[in-house]
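The listed protein sequences correspond, in order, to chains B and G.
Taking this note's numbering, the leading residue of the first sequence gets 30, the next gets one more, and so forth.
Taking this note's numbering, the leading residue of the second sequence gets 1159, the next gets one more, and so forth.
Cβ coordinates follow ideal geometry from the N, Cα and C atoms, glycine included.
One structure is given here, and the rest of the page talks about it.
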Amino acid sequence: MSSAMLLYIIIGLAAGCLGAVLGIGGGMIITPILTVMMGLDIKYAIGASIISVIATSSGSTIAYLKDDMLNLRVAMFLEIATTVGAIMGALLVGAFSSTFLYVLFGFFLLYSTYNMIRKLMSKKGEAVYTEQNSTVQKLKLADSYYDKAEQKQVDYSLKNIPGGFIMMWAAGLASGLLGIGSGAFKVIAMDTIMKMPLKPSSATSNLMMGVTAAASATVYFFNGSIKPDIAGPLAIGVLVGATIGARLMQVLKPKVIRMIFVPIIFYMGLQMVLKGFGVIA
Amino acid sequence: MEKKEMREVELVIGKILRIGVIVSAIVIVLGILLFFINGGSGYADGEWPRRFGVMFQGVFQLKSYAVIMLGIFLLILTPVLRVVVSIYAFAKEHDKLYVYITTAVLIILVFAMVFGYNG
Chain B
30 MSSAMLLYII IGLAAGCLGA VLGIGGGMII TPILTVMMGL DIKYAIGASI ISVIATSSGS
90 TIAYLKDDML NLRVAMFLEI ATTVGAIMGA LLVGAFSSTF LYVLFGFFLL YSTYNMIRKL
150 MSKKGEAVYT EQNSTVQKLK LADSYYDKAE QKQVDYSLKN IPGGFIMMWA AGLASGLLGI
210 GSGAFKVIAM DTIMKMPLKP SSATSNLMMG VTAAASATVY FFNGSIKPDI AGPLAIGVLV
270 GATIGARLMQ VLKPKVIRMI FVPIIFYMGL QMVLKGFGVI A
Chain G
1159 MEKKEMREVE LVIGKILRIG VIVSAIVIVL GILLFFINGG SGYADGEWPR RFGVMFQGVF
1219 QLKSYAVIML GIFLLILTPV LRVVVSIYAF AKEHDKLYVY ITTAVLIILV FAMVFGYNG
């Protein structure tokens, strides 16, 4: 019993750290570890991973708020899209074939992998978008952050706000319909579609995914999917890991973060496509 | 709103969030310690509290699984706490537009949570 608890704390430490750096909840990583390695019932694995998402979000957000890494207005504005999407998804469960959705979102992640590799290879590197259009001005979405790795203040703006808003709605819909976290989609919406720098994108995604997860976590809490001996130690590990990860992310170069992000979304995309085609459960 | 005022908003939210996270972590750790002190969960094998009534009853009897579940529930509430404090902070800075936006988020979130309790 106690050795299992220790193992959950260690898994949580690693998952929390990685999740905080990348802005993803890590459900797609924790769930297979718990089911395949620990032999847990999928129901308890999903319950535990949703708690990890919240722990990653709240744990890392403390540091990201203190260090002014995240964009609070972008988060609040886009949260409307994700929460509405998540509720619609929960209400529409069964209306769509999950095969189609897994394949669709899986291919989108694979396409994003390709996009990110192209960005890694490009000579322009992590160019910062600074033009402010009228939507950005009206919603006061432009902000700045201090990049510890490059030791400079970075002023940035966003573009394609409606596109990002729709993508966020789709991310929420996917999480409601498929019961998956949507951190990766959130980061892609901000980084790739809205051209927000990767670090504030990750920090802002961390902040947002807690809110999306809190809604579904209550469902799992009351339907008996959350087992205290699993979720408790895991949450403690994740909280500590996320605190470390939020410090670590700030000293990493954006390019390095992107290099960690690429194989992870490739893995997630592949997993979803295979799931959609029924190759894996 | 100036950048400086936005900083204040963020710092206030950060402080409150930290208190929420630390409290839930302490409760979970206490629950885990109780598991070893009491030498068990306080419930039959494969059982743990899933409803408020049973949970609070268990907490007063210092049953370890009830205390851990309370800590987990407090952790689930931390993002909600963050949204509530954000409304207050934006209001304090007279940023009406974001008071509305954040209030909308809170309403949707509470709706989803009630839906979750009853669904």
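Beta-carbon proximity check, residue 51/B vs residue 209/B, cutoff 8 Å: Along the first sequence, read from residue 1 onward, the residue named residue 51/B stands at position 22. Along the first sequence, read from residue 1 onward, the residue named residue 209/B stands at position 180. No, they are not a contact pair.
Does DSSP classify residue 161/B as helix, strand or coil? Position 132 of the first sequence, counted from the start, is the residue given in the question as residue 161/B. If DSSP states are grouped into helix, strand and coil, residue 161/B belongs with coil.
Can you list, in chain order, the residues of the segment 217 to 233 of chain B whose Cβ is nearer than 8 Å to any Cβ on chain G? Residues: none.
Against chain G, with Cβ distances strictly below 8 Å, would residue 164/B count as a contact? Indexing the first sequence from 1 puts residue 164/B at position 135. Not an interface residue.
How would you write the range of the beta strand (DSSP E) that residue 181/B sits in, first residue to last? Position 152 of the first sequence, counted from the start, is the residue given in the question as residue 181/B. Looking at the DSSP string, the run of the beta strand (DSSP E) that includes residue 181/B is 181 to 185.
Quick check on residue 1258/G: buried or exposed, where buried means 16 or more other Cβ atoms within 10 Å of its Cβ? Here residue 1258/G is taken as the residue at index 100 of the second sequence, counted from 1. Exposed.
Thinking C-alpha only, which one of 283/B, 34/B, 215/B is nearest residue 196/B? The count along the first sequence starts at 1 and reaches residue 196/B at position 167. For the residues 283/B, 34/B, 215/B, the minimum Cα distance to residue 196/B belongs to 215/B.
Using the Cβ count rule (16 or more neighbours within 10 Å means buried), how would you classify residue 1209/G? Counting from 1 along the second sequence, the entry for residue 1209/G is found at position 51. Residue burial annotation: residue 1209/G is exposed, with fewer than 16 other C-beta atoms found within 10 angstroms of its C-beta.
Per DSSP, what kind of secondary structure is residue 93/B in: helix, strand or coil? Position 64 of the first sequence, counting from 1, holds the residue named residue 93/B. Correct three-state label for residue 93/B: helix.
Nearest-angstrom Cα separation, counted from residue 250/B out to residue 1231/G: Position 73 of the second sequence, counted from the first residue, corresponds to residue 1231/G. Position 221 of the first sequence, counted from the first residue, corresponds to residue 250/B. Cα-Cα distance, rounded: 8 Å.
For the ligand ATP, is there any heavy atom lying closer than 7 Å to the beta carbon of residue 1165/G? This structure lacks the ligand ATP; in fact it carries no ligand of any kind.
Would you please verify whether the beta carbon of residue 1275/G is less than 8 Å from any beta carbon of chain B? For the purposes of this step, residue 1275/G is taken as residue 117 along the second sequence, with counting starting at 1. With 8 Å as the cut-off, residue 1275/G counts as an interface residue toward chain B.
Indicate the three-state DSSP secondary structure (helix, strand or coil) for residue 173/B in the structure shown. As a first step, residue 173/B must be located in the first sequence, where it is residue number 144. The three-state secondary structure of residue 173/B, taken from DSSP, is strand.
Strictly under 8 Å for the Cβ-Cβ distance: is residue 1258/G near chain B by that measure? Counting from one through the second sequence, the residue named residue 1258/G turns up at place 100. Contact of residue 1258/G with chain B is not assigned, every C-beta pair being separated by 8 Å or more.
Closer than 8 Å at the beta carbon, the chain G residues around residue 1/B: Outside the shown range of chain B (30 to 310) lies residue 1/B, about which nothing can therefore be said.
Figure out for me which residue from 1237/G, 1207/G, 1236/G has the closest Cα to the Cα of residue 1225/G. Within the second sequence, numbered from 1, the residue matching residue 1225/G stands at position 67. When only C-alpha atoms are compared, the closest one is 1207/G.
Distance between residue 243/B and residue 116/B (C-alpha atoms, nearest Å): Translated into the one-based positions of the first sequence, residue 116/B becomes position 87. Translated into the one-based positions of the first sequence, residue 243/B becomes position 214. Going from the Cα of residue 116/B to the Cα of residue 243/B covers about 12 Å.
Neighbour flag for residue 40/B against chain G, beta carbons, 8 Å: In the first sequence, counting from the first residue as 1, residue 40/B sits at position 11. No, residue 40/B does not count as interfacial toward chain G.
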